[in-house]
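See below for the structure under consideration.
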Amino acid sequence: MTKKQAVCVGYFPALSYKPESFPYWLLSILKRLLPLICLLLLPACGSQGTVPVKSANSDFDPSQLAKGDVDRVVETHQLEIFINLRLLTEKLYRRNPREWRKGGQSSLETAVARIFEGRHEWKFTELEGKRGTEAVHLAFRAEYRGDRVLAFIAGLASMIQTAFNDKTEFFVLDDLDAQALYNAARNVEIAVWKLSNARNARGELFLLSNEGTGSAPNLSFEREFGKIIGSLDVLSKIYGG
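So that you can map any letter, position 15 of the sequence shown is 66 in the working numbering, and since no number is skipped, the others follow by simple counting.
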(Lines of atoms letter the chains of each structure in order from A; the text may use other names.)
(Lines give C-alpha, C1' and ligand atoms only; values in the text may rest on other atoms or scores of the structure.)
Protein backbone atom coordinates (compact mmCIF):
# COMPACT_ATOMS: atom_id res chain seq x y z
CA MET A 52 0.00 0.00 0.00
CA THR A 53 1.38 3.42 -0.93
CA LYS A 54 1.51 6.32 1.51
CA LYS A 55 -1.24 8.10 -0.38
CA GLN A 56 -3.52 5.07 -0.09
CA ALA A 57 -2.82 4.84 3.63
CA VAL A 58 -3.93 8.45 4.13
CA CYS A 59 -7.23 7.77 2.37
CA VAL A 60 -8.32 4.51 3.94
CA GLY A 61 -5.88 3.61 6.65
CA TYR A 62 -8.00 4.79 9.58
CA PHE A 63 -11.35 3.28 8.45
CA PRO A 64 -10.58 0.18 6.40
CA ALA A 65 -13.90 -1.51 7.34
CA LEU A 66 -16.12 1.31 6.00
CA SER A 67 -15.38 0.94 2.31
CA TYR A 68 -18.57 1.66 0.28
CA LYS A 69 -20.50 -1.27 -1.18
CA PRO A 70 -23.41 -0.27 -3.44
CA GLU A 71 -25.28 -3.49 -2.80
CA SER A 72 -25.41 -2.76 0.94
CA PHE A 73 -27.37 0.55 0.64
CA PRO A 74 -30.78 0.24 2.40
CA TYR A 75 -33.06 1.20 -0.49
CA TRP A 76 -36.07 0.15 1.58
CA LEU A 77 -35.28 3.06 3.91
CA LEU A 78 -35.42 5.49 0.99
CA SER A 79 -38.86 4.16 0.07
CA ILE A 80 -40.15 4.74 3.60
CA LEU A 81 -38.73 8.26 3.69
CA LYS A 82 -40.50 9.11 0.43
CA ARG A 83 -43.80 8.00 1.91
CA LEU A 84 -43.24 9.90 5.14
CA LEU A 85 -42.15 13.12 3.44
CA PRO A 86 -45.68 14.54 2.98
CA LEU A 87 -46.48 13.80 6.63
CA ILE A 88 -43.27 15.43 7.80
CA CYS A 89 -44.02 18.49 5.70
CA LEU A 90 -47.54 18.57 7.09
CA LEU A 91 -46.24 18.66 10.66
CA LEU A 92 -43.93 21.52 9.76
CA LEU A 93 -46.68 23.61 8.17
CA PRO A 94 -48.32 26.44 10.12
CA ALA A 95 -51.93 26.16 11.19
CA CYS A 96 -54.41 25.57 8.37
CA GLY A 97 -57.27 27.87 7.36
CA SER A 98 -59.16 29.36 10.29
CA GLN A 99 -62.76 28.48 11.06
CA GLY A 100 -65.39 29.94 8.82
CA THR A 101 -63.08 31.77 6.45
CA VAL A 102 -63.53 31.87 2.69
CA PRO A 103 -61.15 29.84 0.48
CA VAL A 104 -58.80 31.97 -1.59
CA LYS A 105 -57.11 30.98 -4.82
CA SER A 106 -53.44 30.20 -4.20
CA ALA A 107 -50.98 32.68 -5.62
CA ASN A 108 -48.81 31.33 -8.42
CA SER A 109 -45.27 30.66 -7.23
CA ASP A 110 -42.30 28.59 -8.33
CA PHE A 111 -42.44 26.45 -5.20
CA ASP A 112 -45.00 26.10 -2.44
CA PRO A 113 -43.86 23.73 0.35
CA SER A 114 -47.45 23.05 1.38
CA GLN A 115 -48.06 21.26 -1.93
CA LEU A 116 -45.78 18.45 -0.73
CA ALA A 117 -48.34 17.59 1.92
CA LYS A 118 -51.30 17.47 -0.47
CA GLY A 119 -52.63 14.54 -2.44
CA ASP A 120 -54.66 14.62 -5.64
CA VAL A 121 -57.94 14.39 -3.71
CA ASP A 122 -56.95 17.37 -1.54
CA ARG A 123 -56.43 19.51 -4.63
CA VAL A 124 -59.76 18.39 -6.09
CA VAL A 125 -61.52 19.33 -2.84
CA GLU A 126 -59.91 22.77 -2.78
CA THR A 127 -60.86 23.40 -6.40
CA HIS A 128 -64.52 22.52 -5.81
CA GLN A 129 -64.66 24.49 -2.56
CA LEU A 130 -63.22 27.57 -4.25
CA GLU A 131 -65.76 27.29 -7.08
CA ILE A 132 -68.61 26.95 -4.58
CA PHE A 133 -67.67 30.21 -2.90
CA ILE A 134 -67.20 31.98 -6.21
CA ASN A 135 -70.77 30.90 -7.04
CA LEU A 136 -72.02 32.05 -3.64
CA ARG A 137 -70.45 35.47 -4.07
CA LEU A 138 -72.00 35.82 -7.52
CA LEU A 139 -75.40 34.84 -6.10
CA THR A 140 -75.00 37.42 -3.35
CA GLU A 141 -74.37 40.16 -5.89
CA LYS A 142 -77.39 39.06 -7.92
CA LEU A 143 -79.66 38.96 -4.87
CA TYR A 144 -78.58 42.40 -3.72
CA ARG A 145 -79.22 43.82 -7.20
CA ARG A 146 -82.73 42.42 -7.19
CA ASN A 147 -83.30 43.36 -3.54
CA PRO A 148 -81.35 46.61 -2.92
CA ARG A 149 -83.37 47.39 0.19
CA GLU A 150 -81.64 44.49 1.96
CA TRP A 151 -78.06 45.79 1.89
CA ARG A 152 -79.34 49.21 2.94
CA LYS A 153 -80.88 47.64 6.06
CA GLY A 154 -77.39 46.85 7.31
CA GLY A 155 -76.24 50.44 6.92
CA GLN A 156 -73.80 49.59 4.12
CA SER A 157 -72.72 52.39 1.79
CA SER A 158 -73.01 50.28 -1.36
CA LEU A 159 -73.77 46.85 -2.74
CA GLU A 160 -70.03 46.20 -3.09
CA THR A 161 -69.27 46.92 0.56
CA ALA A 162 -72.15 44.68 1.63
CA VAL A 163 -70.74 41.81 -0.45
CA ALA A 164 -67.19 42.45 0.80
CA ARG A 165 -68.38 42.34 4.38
CA ILE A 166 -69.72 38.84 3.84
CA PHE A 167 -66.82 37.36 1.88
CA GLU A 168 -63.76 39.30 3.01
CA GLY A 169 -64.25 39.67 6.75
CA ARG A 170 -62.95 37.36 9.49
CA HIS A 171 -66.26 36.74 11.20
CA GLU A 172 -66.44 32.92 11.41
CA TRP A 173 -69.84 33.36 9.74
CA LYS A 174 -71.29 34.85 12.90
CA PHE A 175 -73.04 38.21 12.54
CA THR A 176 -74.67 40.13 15.38
CA GLU A 177 -77.84 40.77 13.36
CA LEU A 178 -78.22 37.03 12.84
CA GLU A 179 -78.33 36.50 16.61
CA GLY A 180 -75.30 34.21 16.43
CA LYS A 181 -77.10 31.77 14.13
CA ARG A 182 -75.22 29.76 11.52
CA GLY A 183 -76.20 27.18 8.94
CA THR A 184 -79.82 26.28 8.33
CA GLU A 185 -80.96 28.35 11.33
CA ALA A 186 -79.67 31.50 9.61
CA VAL A 187 -81.31 30.46 6.32
CA HIS A 188 -84.69 30.07 8.05
CA LEU A 189 -84.23 33.52 9.60
CA ALA A 190 -84.25 35.03 6.10
CA PHE A 191 -87.86 33.86 5.61
CA ARG A 192 -89.38 34.80 8.96
CA ALA A 193 -91.97 37.55 8.74
CA GLU A 194 -90.84 39.17 11.99
CA TYR A 195 -87.20 39.44 10.90
CA ARG A 196 -86.25 43.04 10.12
CA GLY A 197 -82.60 42.58 9.18
CA ASP A 198 -80.77 41.96 5.90
CA ARG A 199 -82.43 38.85 4.47
CA VAL A 200 -79.75 38.35 1.80
CA LEU A 201 -77.08 38.30 4.51
CA ALA A 202 -79.07 35.76 6.52
CA PHE A 203 -79.67 33.55 3.47
CA ILE A 204 -76.11 33.59 2.10
CA ALA A 205 -74.31 33.47 5.45
CA GLY A 206 -76.52 30.56 6.42
CA LEU A 207 -75.71 28.65 3.24
CA ALA A 208 -71.99 29.45 3.40
CA SER A 209 -71.59 28.43 7.05
CA MET A 210 -73.62 25.26 6.49
CA ILE A 211 -71.36 24.33 3.58
CA GLN A 212 -68.24 25.20 5.56
CA THR A 213 -69.39 22.89 8.34
CA ALA A 214 -69.42 20.07 5.77
CA PHE A 215 -65.82 21.04 4.96
CA ASN A 216 -64.95 20.85 8.68
CA ASP A 217 -64.58 24.65 8.61
CA LYS A 218 -61.31 24.32 6.71
CA THR A 219 -60.14 26.22 3.65
CA GLU A 220 -57.04 24.13 2.94
CA PHE A 221 -56.65 20.36 2.89
CA PHE A 222 -53.73 17.96 3.38
CA VAL A 223 -53.13 14.21 3.26
CA LEU A 224 -54.31 13.61 6.83
CA ASP A 225 -57.59 15.48 6.32
CA ASP A 226 -60.80 13.59 5.66
CA LEU A 227 -64.36 14.67 4.94
CA ASP A 228 -67.68 13.02 5.75
CA ALA A 229 -69.46 11.94 2.57
CA GLN A 230 -72.85 12.04 4.30
CA ALA A 231 -72.26 15.61 5.52
CA LEU A 232 -71.44 16.73 1.98
CA TYR A 233 -74.52 14.95 0.63
CA ASN A 234 -76.72 16.54 3.30
CA ALA A 235 -75.28 19.97 2.46
CA ALA A 236 -76.26 19.49 -1.19
CA ARG A 237 -79.82 18.58 -0.20
CA ASN A 238 -80.02 21.55 2.17
CA VAL A 239 -79.03 23.85 -0.70
CA GLU A 240 -81.88 22.37 -2.77
CA ILE A 241 -84.33 23.09 0.06
CA ALA A 242 -82.99 26.64 0.41
CA VAL A 243 -83.48 27.23 -3.33
CA TRP A 244 -87.09 26.07 -3.04
CA LYS A 245 -87.64 28.42 -0.10
CA LEU A 246 -86.10 31.31 -2.03
CA SER A 247 -88.52 30.75 -4.92
CA ASN A 248 -91.64 30.12 -2.87
CA ALA A 249 -91.56 31.67 0.62
CA ARG A 250 -93.92 34.66 0.82
CA ASN A 251 -95.12 37.15 3.39
CA ALA A 252 -98.72 37.73 4.51
CA ARG A 253 -99.35 39.92 1.46
CA GLY A 254 -98.32 37.13 -0.88
CA GLU A 255 -95.03 38.80 -1.81
CA LEU A 256 -91.76 36.89 -2.06
CA PHE A 257 -89.39 37.65 0.80
CA LEU A 258 -86.54 37.80 -1.73
CA LEU A 259 -86.71 38.24 -5.49
CA SER A 260 -84.52 35.91 -7.56
CA ASN A 261 -85.42 34.30 -10.91
CA GLU A 262 -87.66 36.19 -13.28
CA GLY A 263 -90.17 33.68 -14.60
CA THR A 264 -92.17 35.97 -16.84
CA GLY A 265 -91.81 36.49 -20.57
CA SER A 266 -90.81 34.16 -23.36
CA ALA A 267 -87.23 33.89 -22.07
CA PRO A 268 -87.29 33.62 -18.25
CA ASN A 269 -84.09 34.53 -16.38
CA LEU A 270 -82.95 31.36 -14.58
CA SER A 271 -79.40 32.49 -13.81
CA PHE A 272 -79.92 31.91 -10.09
CA GLU A 273 -80.85 28.28 -10.67
CA ARG A 274 -77.72 27.74 -12.76
CA GLU A 275 -75.44 29.02 -10.01
CA PHE A 276 -77.18 26.97 -7.35
CA GLY A 277 -76.96 23.94 -9.64
CA LYS A 278 -73.18 24.33 -9.81
CA ILE A 279 -72.94 24.41 -6.01
CA ILE A 280 -75.12 21.32 -5.63
CA GLY A 281 -73.12 19.52 -8.33
CA SER A 282 -69.79 20.22 -6.62
CA LEU A 283 -71.06 18.97 -3.26
CA ASP A 284 -72.46 15.80 -4.84
CA VAL A 285 -69.17 15.10 -6.66
CA LEU A 286 -67.20 15.40 -3.41
CA SER A 287 -69.76 13.24 -1.60
CA LYS A 288 -69.21 10.49 -4.17
CA ILE A 289 -65.42 10.81 -3.94
CA TYR A 290 -65.41 10.34 -0.16
CA GLY A 291 -68.22 7.81 -0.18
CA GLY A 292 -66.67 5.61 -2.83
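Ideal Cβ placement from N, Cα and C applies to all residues, glycine included.
- For HIS128, the uninterrupted alpha helix (DSSP H) run begins and ends at 120-146, by DSSP.
- Between the segment 242-262 and the segment 157-165 there are fewer than three C-beta pairs closer than 8 Å, too few to call the two in contact.
- Shortest Cα-Cα distance from LEU286 to any of PHE257, PHE276, TYR233 and LEU256 involves TYR233.
- Assignment of beta-bridge partners to LEU256 by DSSP yields ARG250.
- With respect to the 7 Å criterion, ALA231 and LEU283 are not classified as neighbours on the basis of their beta carbons.
- As far as DSSP is concerned, GLU194 takes part in no beta bridge.
- Every unbroken stretch of the alpha helix (DSSP H) spanning 4 or more residues and falling wholly within the segment 175-228 is given here in chain order: 183-189 and 199-214.
- Between PHE222 and LYS288, the C-beta spacing is not below 7 Å.
- A residue is called buried when at least 16 other Cβ atoms come within 10 angstroms of its Cβ; GLY183 meets this threshold and is buried.
- The continuous alpha helix (DSSP H) containing ARG274 extends over residues 271-291.
- Cβ neighbours of LYS278 within its own chain (closer than 6 Å, five residues either side excluded): ASN135.
- Residues GLU150, TRP151, LEU159, ALA162, VAL163 and VAL200 of the same chain have their beta carbon placed closer than 8 Å to that of TYR144, with the five preceding and five following residues left out of the count.
- Distance from LYS245 to PHE175 at the Cβ level is roughly 19 Å; contact not present, criterion being Cβ atoms closer than 8 Å.
- Taking every protein chain shown into account, the CB of VAL104 has fewer than 16 other CB atoms within 10 angstroms, so this residue is exposed.
- Linking LEU227 to TYR290 through their CA atoms gives a straight-line distance of about 7 Å.
- Note on THR127: under 16 other CB atoms within 10 angstroms of its CB, so exposed under the neighbour-count rule.
- Linking SER260 to PHE133 through their CA atoms gives a straight-line distance of about 18 Å.
- In this structure, LYS142 and ASP198 do not form a Cβ contact; the two beta carbons are roughly 15 Å apart against a cut-off of 8 Å.
- One alpha carbon belongs to LEU138, the other to HIS171, and they sit about 20 Å apart.
- Counted as a single uninterrupted DSSP element, the alpha helix (DSSP H) harbouring GLU160 occupies residues 159-168.
- One thing to note: ALA208 has its Cβ no nearer than 7 Å to the Cβ of LEU178.
- The Cβ-Cβ distance between ALA186 and ALA214 does not fall below 7 Å.
- Annotation for ARG253: no residue places its beta carbon closer than 8 Å to its own, counting only its chain and skipping 5 residues before and after.
- Within a 10 Å sphere around the beta-carbon of ALA193 sit fewer than 16 other beta-carbons, which makes this residue exposed.
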